[in-house]
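Worksheet: the structure to be examined is printed underneath.
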Amino acid sequence: SSDLNANLAVRISVGEQLTIELTTTNTGNDSVTMTEALHTYFYVSDIASISINGLSECDYIDLVDDNSHKTQSGAIEFSEELGRVYLDTTADCLIDDPVLDRTIRIKKTNSQSTVVWNPWQETASKMDDLGSAGWRSMVCIESANALKNMVRVEPGERHSLTVTYTVVSR
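The structure is reproduced here in structure tokens:
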């Protein structure tokens with residue numbers, strides 16, 4: 061039997077920017093391989109009016125197209141259900157929302173994956189937390205270590221994933 065033990069700690073700093081740090085400490089005797097994500101929903105004016113910048117030329121797994129491998133070209137825009145895991149990227153993401161006249165910057169550290177998701181109408185209508193209309197005013201962007209970007213934490217070691225969210229001028 062293996063002795064897999066880990067402690068998780070979350071530190072949240074609120075001010076002109078929001079910073080969240082998730083730290084995993086391996087307290088066991090064996091290495092731990094894990095995936096992790098900060099599953100963040102952002103309020104937007106309308107999903108069809110926004111774009112996500114920062115991931116152009118990144119490879120991703122398209123979760124709504126049989127997990128096919130693709131490469132992003134330009135900004136991400138939304139016209140149907142979208143679920144993607146961008147791999148091998150430490151890039152900042154920018155949510156550009158011209159209707160609300162704001163851009164949200166997502167800056168991450170020790171994260172090699174970014175998940176972008178919007179369920180669109182059919183999937184959202186089956187979800188208690190979104191319902192038939194909530195999907196229009198949200199986008200999920202997760203700072204993560206997922207799929208091939210899993211993290212290995214050796215006994216006595218720790219890993220911290222940190223994300224800072226800032227509203228910047230358009």
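Just so we're aligned, residue 61 is where the sequence shown starts under the numbering used here, counting upward by one.
Note that CB positions come from ideal geometry on N, CA and C, so glycine has one too.
Excluding sequence positions up to five before and after Ala206, its CB lies within less than 7 Å of the CB of Thr95, Ala97, Val145, Ser173 and Val175, all in the same chain and listed in chain order. DSSP places Ser220 within a strand segment (E or B) once states are collapsed to three. Under the three-state reduction of DSSP, Ile110 is assigned to coil, being neither helix nor strand. For Ala204, the enclosing beta strand (DSSP E) has its first and last residue at Met198 to Asn205.
A straight line joining the alpha-carbon of Ser203 with that of Gly143 spans about 14 Å. In chain order, Ala151, Asp152, Cys153 and Leu154 place their CB closer than 7 Å to the CB of Gly114, counting only its own chain and leaving out the 5 sequence neighbours on each side. The alpha-carbon of Asn127 is positioned some 9 Å away from that of Tyr120. By the neighbour-count criterion, in which 16 or more other beta carbons inside 10 Å mark a residue as buried, Lys168 falls on the buried side.
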